[in-house]
Amino acid sequence: MIDPKIIENNIYVLEESLKKRNIDISIIESIKKVSKDRREIIKNRETLLSKKNSLSKEFGERKRKGIDISDIEKEIIILNNELEKMDELAKNIELEYESIMLNIPNILSEDVPYGRSEEDNVEVKKWGQPRSFDFNPLPHWEIGKNLGILDIEVGTKLTGSRFYVLMGDGALLERALINFFLDFYSERGYKEVWPPYIVNSNTMTGTGQLPKFKDELFKIEGLDYYLIPTAEVPVTNIHSDQILSIDELPKYYCSFTACFRKEAGSYGKDTRGIMRVHQFSKVELVKIVEPSVSEEEHQKLLNDVEDALKKLGLPYRVILLCGGDTGFSASKCYDVEVWIPSENRYREISSVSNFRDFQARRAKIRYKKDGKNYLVHTLNGSGLAIGRTMIAIMENYQNKDGSITIPDALVPYMKGKKTIGG
RNA sequence: GGAGAGAUGGCCGAGUCCGGUUUAUGGCGGCGGUCUUGAAAACCGUUGAGGGUUAAUAGCCCUCCGGGGGUUCGAAUCCCUCUCUCUCCGCCA
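The first sequence lines up with residues 28 to 449 when you count with this note's numbering.
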């Protein structure tokens with residue numbers, strides 16, 4: 028949620044940010060009106076409540092002393108009638124206000140570039156040289172099938188489209204990557220967390236998935252429970268409704284979970300292979316920091332993710348997302364893209380975002396400094412999506428004979444195996 | 001799944017039977033001070049959150065005793081309901 032004060036004092040900041048996101052700014056007028064009406068109603072209602080409190084008090088005192096109360100009784104009845112109407116008004120405006128506020132995207136950082144779509148994103152960094160093959164490189168689904176480590180047909184049989192099964196060394200590679208990343212980041216000061224994969228709607232609202240993106244979530248039938256689309260949701264919300272002490276900050280977390288996404292609206296996209304699936308593994312990094320250092324922490328977070336990719340020897344580039352492509356909750360977002368030989372281009376493998384106080388305000392995560400409470404800043408980044416890392420390894424490290432070379436950093440995690448197949 | 005008990009401010013914990021000087025007792029912890037070369041101890045003071053008004057982190061006002069609803073002039077206290085926690089039994093990895 029954005030700071031309500033922006034609507035009162037700096038509405039042009041919101042207007043500019045919405046323009047940058049290519050969102051229709053005609054909603055600004057209704058936002059202003061509802062916000063103003065709401066304050067007016069609150070003011071009036073509190074005046075009535077205050078009157079009622081003093082009358083009730085006098086009522087009690089008179090009764091105790093045996094003084095006549097009939098006039099005061101009449102007054103209270105009239106007041107209560109007014110209040111009943113006012114309560115109704117207040118309730119309605121509060122609902123309207125809330126639904127508007129929960130659907131306003133975050134204010135974009137000043138340095139987010141203007142632009143409509145992913146074409147307008149800005150490349151900020153490139154690392155590694157895409158390998159040139161002396162044979163025709165295969166896509167990962169063919170490599171995986173040939174080696175008997177990836178079975179998409181069985182996944183589809185067990186569940187439906189966009190599900191898959193890993194077998195043998197494929198399953199081992201998945202496990203190796205999870206352990207490699209968790210070790211890598213916990214050595215850098217991120218505390219390992221194992222959270223629930225199912226959370227309630229309050230938790231989903233805290234990080235911004237609800238109410239706006241309910242169509243992208245799997246909901247448990249008959250319950251207020253949802254499958255998490257990323258570990259960001261449970262891990263960030265560990266501190267919801269808390270006031271942390273200043274010396275608890277910053278907090279760094281790393282967490283492996285399965286992630287579940289409906290991928291509604293992506294029909295026809297990435298239909299082959301396991302690039303886009305309904306269930307995938309991911310190690311997520313979450314930071315909770317003081318506002319003054321969040322930009323610096325964002326860069327460090329990006330740097331940590333890059334280092335993991337470097338360690339695996341996978342060529343990548345970093346792009347800064349333009350306004351039109353930056354997610355709802357993010358103020359600023361870098362995507363890290365890894366080289367995919369079969370597509371002859373870079374594909375997203377991590378998203379590293381600074382949410383500033385947007386999630387903190389929704390989830391009520393605060394810290395105390397000099398006796399006063401402030402909202403924290405939250406950040407997160409994938410470190411990394413396991414399925415897509417596996418694709419990148421299979422394709423970039425494939426050999427002419429159909430085998431896959433295991434990157435050195437992973438060999439200890441693969442029971443010492445240096446190749447799969449071959 | 002069955003039976004019972006409970007949920008109060010950072011923590012512990014009174015108040016609930018019998019509704020109204022409770023602006024929620026008290027202790028611990030935190031902060032400030034006195035004393036001390038310094039510290040501890042002791043003593044004194046202070047110490048919840050959110051919102052409205054405001055230049056204001058000053059005052060004043062409103063709301064909050066697990067969530068929601070009800071009774072009442074008035075609810076932490078009475079009634080209904082939901083959620084969660086604990087104890088015992090059953091079942092189970």
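The C-beta atom is built at its ideal place from N, Cα and C for all residues, glycine as well.
With DSSP as the reference, identify every bridge partner of residue i, one or two as the case may be.
{"i": "Y252", "result": "N227"}
{"i": "K32", "result": "Answer is none; K32 lacks a bridge partner."}
{"i": "W366", "result": "Y373"}
{"i": "K399", "result": "K396"}
{"i": "I127", "result": "Its beta-bridge partners do not exist; DSSP assigns none."}
{"i": "L271", "result": "Y394"}
Three-state secondary structure (DSSP) at residue i?
{"i": "F86", "result": "helix"}
{"i": "W168", "result": "helix"}
{"i": "L341", "result": "coil"}
{"i": "G155", "result": "coil"}
{"i": "E56", "result": "helix"}
{"i": "N381", "result": "strand"}
{"i": "E322", "result": "helix"}
{"i": "K296", "result": "coil"}
{"i": "P98", "result": "The question names Pro, but residue 98 in the sequence shown is Asp. DSSP places D98 in helix when its eight states are reduced to three."}
{"i": "N407", "result": "strand"}
{"i": "Q306", "result": "strand"}
{"i": "V332", "result": "helix"}
{"i": "E317", "result": "coil"}
{"i": "A390", "result": "helix"}
{"i": "A198", "result": "helix"}
{"i": "V139", "result": "coil"}
{"i": "F283", "result": "strand"}
{"i": "A357", "result": "coil"}
{"i": "K218", "result": "strand"}
Drop a sphere of 10 angstroms on the beta-carbon of residue i, count the other beta-carbons inside from all chains shown, and report buried for 16 or more, exposed for fewer.
{"i": "Y39", "result": "exposed"}
{"i": "I512", "result": "Summary: the structure shown does not reach residue 512, with the chain confined to residues 28 through 449, and so no result is reported for it."}
{"i": "I315", "result": "buried"}
{"i": "P261", "result": "buried"}
{"i": "P223", "result": "exposed"}
{"i": "G408", "result": "buried"}
{"i": "K218", "result": "exposed"}
{"i": "E422", "result": "buried"}
{"i": "D274", "result": "exposed"}
{"i": "W221", "result": "exposed"}
{"i": "T186", "result": "exposed"}
{"i": "D362", "result": "buried"}
{"i": "V345", "result": "buried"}
{"i": "L122", "result": "exposed"}
{"i": "G171", "result": "buried"}
{"i": "Q326", "result": "exposed"}
{"i": "N381", "result": "buried"}
{"i": "N339", "result": "The question names Asn, but residue 339 is Leu in the sequence shown. With 16 or more other Cβ atoms within 10 Å, it is buried."}
Is any heavy atom in the ligand MN found nearer than 7 Å to the beta carbon of residue i?
{"i": "S53", "result": "The model depicted lacks the ligand MN and carries no ligand whatsoever."}
Go through its chain and collect everything with a Cβ distance to residue i's Cβ below 6 Å, but skip five positions before and after it.
{"i": "P140", "result": "V149 and C349"}
{"i": "D251", "result": "N227 and S228"}
{"i": "V181", "result": "V192"}
{"i": "I103", "result": "L82"}
{"i": "I301", "result": "Y191 and G414"}
Report all residues from its chain with a CB closer than 8 Å to the CB of residue i; omit the five preceding and five following residues, and keep chain order.
{"i": "Q156", "result": "P342"}
{"i": "R393", "result": "Q269, I270, L271, A387, N400, Y401, L402 and V403"}
{"i": "I120", "result": "V61, D64, R65 and I68"}
{"i": "I225", "result": "I247, Y252, Y253, L254 and I255"}
Leaving out the 5 sequence neighbours to the left and right, which residues in its chain are closer than 7 Å to residue i when beta-carbon positions are compared?
{"i": "F162", "result": "K427"}
{"i": "S44", "result": "I134 and L135"}
Q: Take every Cβ of the segment 194-203, pair it with every Cβ of the segment 259-267, and state whether three or more of those distances are shorter than 8 Å.
A: no
Q: Report yes or no: do the segment 165-173 and the segment 386-402 share at least 3 C-beta pairs separated by less than 8 Å?
A: no
Q. Given 8 Å as the limit, is there contact between the segment 289-305 and the segment 376-390, that is, 3 or more CB pairs closer than that?
A. no
(Q) Counting beta carbon pairs with one atom in the segment 234-244 and one in the segment 207-222, are three or more of them shorter than 8 Å? (A) no
Q. At a cut of 8 Å, does the segment 185-200 reach the segment 425-445 through at least three beta carbon pairs?
A. yes
Q. Should the segment 411-418 be called in touch with the segment 48-66, which here means at least 3 C-beta pairs below 8 Å?
A. no
Q) So, do the segment 125-143 and the segment 335-342 have three or more beta carbon pairs nearer to each other than 8 Å? A) no
Q | Given 8 Å, three or more beta-carbon pairs between the segment 304-315 and the segment 275-290 | A | yes
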